[in-house]
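Single-structure report; data block below.
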Amino acid sequence: MSNLNTTTGKVSLKNPVLLASGTCGVAGHEFEPYFNLSELGGIVTKSLSIKPRDGNPAPRVVEIPGCGMLNSIGLQNPGIEYFVKNELPYLIKKNATIIINIVGETVDDYAGAVNFIRDKNEISAIELNLSCPNVSGGLDFSQDPKKAFTLISEMKKLTKIPLWAKLSPNVTDITEIVKASVDAGSDGVSLINTVLGLAINRWTKKPALPRATGGYSGPAIKPIALRMIWDTHKKFPNIPIIGIGGIHTADDAIEFLLCGASCVQIGTANFVNPKASIEIINGLKDYCEKNKLNSISEIVGAAHHLVTLSGA
Amino acid sequence: MSITRSLIKAKLTDNAELGKGYYVSWFHAPEITKNIHPGQFVMMESGQYLLRPFSVYETKGENAGFLYRVIGGGTSFLSKLKIGNEVLIHGPLGKGFTFPENKNKPILIVAGGIGIATFPLVARVASENKYKIKTLFGARSKNDLICTEELKKYGEVESITDDGSSGRKGLVTELLTTELNKNKDQEIFVCGPTPMLKSVIKVCNEFGVIAQVSFEEYMACGYGVCMSCVIKANGKYLRTCVDGPVMRSDIVAV
Ligand SMILES: Cc1cc2nc3c(=O)[nH]c(=O)nc-3n(C[C@H](O)[C@H](O)[C@H](O)COP(=O)(O)OP(=O)(O)OC[C@H]3O[C@@H](n4cnc5c(N)ncnc54)[C@H](O)[C@@H]3O)c2cc1C
Ligand SMILES: Cc1cc2nc3c(=O)[nH]c(=O)nc-3n(C[C@H](O)[C@H](O)[C@H](O)COP(=O)(O)O)c2cc1C
Ligand code: FES
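Residue numbers (my numbering), protein chains in the order written: chain U, 9 to 320; chain Y, 738 to 991.
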C-alpha cells in the first residue's frame, strides 16, 4: 500500500489534501452529507478576526466564463471568540486536522485573535491570512516585507503552534515576502491567495462587483500559483510550501507537489463539486500505486531535479 | 442536515420549448424526485464553470423537470441538450415552502416573471393535500405568462402584465393589495426577481401579514460553503442557499 502520510514542516498530515480557507464554510459542517472531515489532510477555517465581520453586500461573486470566478465576500465571519466556543468543539469532535486561519487589519487585531487559541493543542497550525484584498487601506501585510516580518515575529512570540503565512500573488517578487516571513519564524508559506481582478458588466456598463475589484480564483490562476511555488522552492528548497490555486483534480495536485509544495489546499473546486477533495485523495492513492511510491512526499520538488521519475 | 441529498449524473429524457425562449428540461433523477420538497432547488452543471441553481418545476415518476428562460450561457447550453446527454445534478438543496398546519387556511401564490417556475410543483402538492390555492402572476408581457393553464388545474389564476398585452396592465402588488383587502388570513408564497420581492414584502408589512418568500440570489456553490448568496435578515447576512431560498418576510430588510 502506498503512503499518503506527509509532513509540512512540523505538521504531520494524514494526506496532503486540505480544504482552503473561505471555501468550506466557517468550519466545514456543510460537508457532512458527503464525507467525514477526518478523511482529509486537514481543514483550514474561514478567516477569523478579533471582532465578527458582516462582509460586503451582494452581489459578492461573478463568474469568469471558462476561467473561474471573482469574489468580494468581505471576510464575513463570526469572530474568533464565537468560533472557539461554538465551532472548534465540532471540529475536535469530528477528529479533523485543524488549521485556524486568522485575519486582521492591525498587528493588535491578529494578536488578539491568536491569544484565543495560542495554547490549544488540538490545533495543528495557524494560517495567517496576510492578504485581504477586500479590505481597504493601502498596502497590506502581504505586500510589504517589513510589515510581514513584524506581524509574524509578534505572532511567533505568542504561540508555539506552527505558523503558516498565507501570501498574496499581487506583488512584484513573491520570494522577498517569503524570505521576510521565514526570517520572522514562519513554519511554512501558503501560496497563493486570490489574484486581484475586475469584471465589467456590459449591460449595466459598470463593474460587476459593487466594490469594483475582487479576488480571482479557479482554473485560470493555477499557472500563476505554480510559478510562485517554483520561484520559492528554487530559492528556498527547505521552506515548507502549502500549494493553493485552481486545483480541481489529482493531476493538478501532483503538478503542485512536483513543483515544490508539500501539501495542497482545494478552494473553488469545492463549489463545483463538494467531493472534489476526496476524489483528489483517491487519485493520489492511485498515483502512488501506479508509480510504486512508498510515500507521496518522494515527488515533492521533483520538477526541479534533472532526473526524470519513471512513469511520472 | 438533510442526508437525502445527492450528487448524480442525470440523463436528459426530454427537452421541450414552451415558446418565446422558455424551455422545460426533464432528467431521469429518482434521487431528486424521491426527496424533493416543494420550493427546494438543485445546482446543475450547465456547460459553464460554476453550476447553476434551478427550482424543481415538476416531477413525473422518476423524472424531474426544470423550467427556465434562456438568458445566458448556462441556460442556452441546457436548452440545446439532446436526449441521453448527462449533466451533474446536486440536490435537493435549501429550505422549501412550509404548508400551513391549518388545512383550511388558503394558500396564495404570488409570482413574478420566471419565479413562476417554482410553483407548479408547490401547487400540485398543496392541492393533493386539499389546500385551497389561488395564484397571482405578474409578467412583462403576454408571452411571459407561462404555466397559467397548468396552475388553473389547482385553483384560480389572476395575471397582470407590465405592458397590458394580456389582462390588466400593472404590477402584481396591485393584485396582492386587492386580495389582502378581501382576506388577510391566507398563507402567502412568493417568488420572483428581487425588486418584486421587496415590493411584495412592503405590501405584506403594511397589512401586518408574514409571507414565505423565495429568494433567487446569485449562488456559486448552493450548499453553504462560499457565502456568496446573502441577503440581510435579522440584521445579519444570511445565506439564501441554506437558510433559504424560502425565508419569512418579517426578518428580511427591505
Ligand atoms: C434558488 C434559485 C432557483 C432558481 N430557479 C430558476 C428556475 O427555476 N428557472 C429559471 O429560469 N431560473 C431560475 N433561477 C435563476 C437561474 O439560476 C439563472 O437564470 C441562471 O443561473 C442563469 O444562468 P446563465 O448561464 O444562463 O446566465 P448568466 O450568463 O449566468 O447570466 C445572464 C444574465 O442573467 C443574470 N443572472 C444570472 N444569475 C441570475 C440570478 N440568479 N438571478 C437573476 N439574474 C441572474 C446575470 O447577471 C446576467 O446578466 C434560479 C435562481 C436561484 C438562486
Ligand atoms: C469565495 C472565496 C472566499 C475566500 N475566503 C478566504 C478567506 O476568508 N481567507 C483566506 O485566507 N482565503 C480565502 N479565499 C482564498 C482561497 O483560500 C484560495 O487561496 C484561493 O481561492 C485560490 O485557490 P482556488 O483557485 O483553489 O480557489 C477565498 C476564496 C474564495 C473563492
Ligand atoms: S451559494 Fe455558496 S453559500 Fe450560498
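Even glycine gets a Cβ: it sits at the ideal position worked out from N, Cα and C.
- Query: Are the C-beta of U:Pro177 and some C-beta of chain Y separated by less than 7 Å?
  - Reply: Taking Cβ atoms only, chain Y never reaches closer than 7 Å to U:Pro177, which makes this a no.
- Leaving out five residues before and five after Y:Lys935 in sequence, what residues of the same chain have Cβ atoms less than 6 Å from its Cβ? Leaving aside the five residues that flank Y:Lys935 on each side, the residues in its chain whose CB is nearer than 6 Å to its CB run, in chain order, Val991.
- Query: Where U:Asn290 and Y:Ile853 are concerned, what is the direct C-alpha to C-alpha distance, given to the nearest angstrom?
  - Reply: 42 Å
- Task: Starting from Y:Tyr736, follow its DSSP beta bridges and name the residues at the other end.
- Result: In the structure as shown, chain Y starts at 738 and stops at 991, and residue 736 of chain Y therefore has no counterpart that could be examined.
- Task: Work out the CA separation of U:Leu204 and U:Thr221 for me, nearest whole Å.
- Result: 7 Å
- Using DSSP with H/G/I as helix, E/B as strand and the rest coil, what is Y:Leu908? coil
- If we call anything under 7 Å between Cβ atoms a contact, is U:Ala173 one with U:Leu138? yes
- Proximal residues of chain U, C-beta to C-beta of Y:Gly961 below 7 Å: Gly33 and Glu38
- Query: Roughly how far, in whole angstroms, is the beta-carbon of U:Ile131 from the beta-carbon of U:Ile185, given that I think they are within contact range, below 8 Å?
  - Reply: Not a contact, Cβ separation roughly 24 Å.
- Item | Cross-strand partners of U:Tyr224 (DSSP beta bridge) | U:Leu78 and U:Val203
- Flag this pair as yes or no: are the beta carbons of U:Glu135 and Y:Tyr786 separated by less than 7 Å? no
- Would the beta-carbon of Y:Ser783 be found less than 6 Å away from any heavy atom of ligand 3? no
- Alpha-carbon to alpha-carbon, U:Thr183 and Y:Tyr794: For the pair Y:Tyr794 and U:Thr183, the Cα-to-Cα distance works out to about 53 Å.
- Query: Checking contacts by CB at 7 Å: is Y:Val967 closer than that to chain U?
  - Reply: Yes, Y:Val967 counts as interfacial toward chain U.
- Query: What are the uninterrupted segments assigned as beta strand (DSSP E) that are 3 or more residues long and contained completely in the segment 26-54 of chain U, given in chain order?
  - Reply: 50-52
- Query: Taking Cβ to Cβ, would you say Y:Met780 is nearer than 7 Å to Y:Gly959?
  - Reply: yes
- Among the residues of its own chain, which have a CB less than 6 Å from the CB of Y:Arg905, if the five just before and after it don't count? Ile897
- Task: Identify each residue in the segment 91-107 of chain U for which the Cβ-Cβ distance to at least one residue of chain Y is less than 7 Å, and report them in chain order.
- Result: none
- Item | Residue environment, Y:Trp763, which counts as buried when at least 16 other CB atoms sit within 10 Å | buried
- Query: Are there 16 or more other CB atoms within 10 angstroms of the CB of U:Ile307, so buried, or fewer, so exposed?
  - Reply: buried
- Task: State the start and end residues of the unbroken alpha helix (DSSP H) segment that holds U:Glu162.
- Result: Pro153 to Leu166 is the extent of the alpha helix (DSSP H) around U:Glu162.
- Item | U:Asn142 classed as buried or exposed, judged by whether at least 16 other C-beta atoms fall within 10 angstroms | Unreliable positioning characterises U:Asn142 in this predicted model, as indicated by a pLDDT of 48, which lies under 50. A coordinate reading is not provided.
- Query: Smallest Cα separation from Y:Cys963: which of U:Ile247, U:Asn44 and U:Pro67?
  - Reply: U:Pro67
- Do U:Gln273 and U:Leu26 have their CB atoms nearer than 7 Å? yes
- With burial defined as no fewer than 16 other Cβ atoms inside 10 Å of the residue's Cβ, what is the status of Y:Leu755: buried or exposed? exposed
- Message: Considering only heavy atoms of ligand 2, does any lie closer than 6 Å to the CB of U:Lys22?
- Response: Answer for U:Lys22: no, Cβ out of range of ligand 2.
- Query: Mapping DSSP to helix, strand and coil, what is U:Asn142?
  - Reply: Note on U:Asn142: pLDDT 48, under 50, position unreliable in the model; the coordinate value appears next. Here DSSP, grouped into helix, strand and coil, assigns U:Asn142 to coil.
- Query: ligand 3: which residues have Cβ under 6 Å from any of its heavy atoms, chain order?
  - Reply: Y:Met956, Y:Ala957, Y:Cys958, Y:Gly959, Y:Gly961, Y:Val962, Y:Cys963, Y:Met964, Y:Ser965, Y:Cys966, Y:Arg976 and Y:Cys978
- Message: Residues of chain U with CB closer than 9 Å to the CB of Y:Gln785, please, in chain order.
- Response: Listed by position along chain U, the residues whose Cβ is nearer than 9 Å to that of Y:Gln785 are Glu71, Pro73 and Gly74.
- Bridge partners of Y:Asp751, per DSSP? Y:Asp751 pairs with Y:Trp763.
- Quick one: does U:Gly63 have its CB under 7 Å from some CB of chain Y? yes
- Message: One question on the structure: do U:Gly251 and U:Phe264 come within less than 7 Å of each other, judged by their Cβ atoms?
- Response: yes
- Item | Beta-carbon contacts of Y:Ile883 that lie in its chain and below 7 Å, excluding the five residues immediately before and after | Taken in chain order, the residues that qualify are Leu755, Tyr759 and Ile853.
- Min CB distance U:Ala216 to chain Y below 7 Å: Between U:Ala216 and chain Y, the shortest Cβ-Cβ separation is not below 7 Å.
- Item | Contact set between the segment 783-814 of chain Y and chain U, restricted to residues whose Cβ is under 8 Å from the partner | Gln785, Tyr786, Leu787, Leu788 and Gly810
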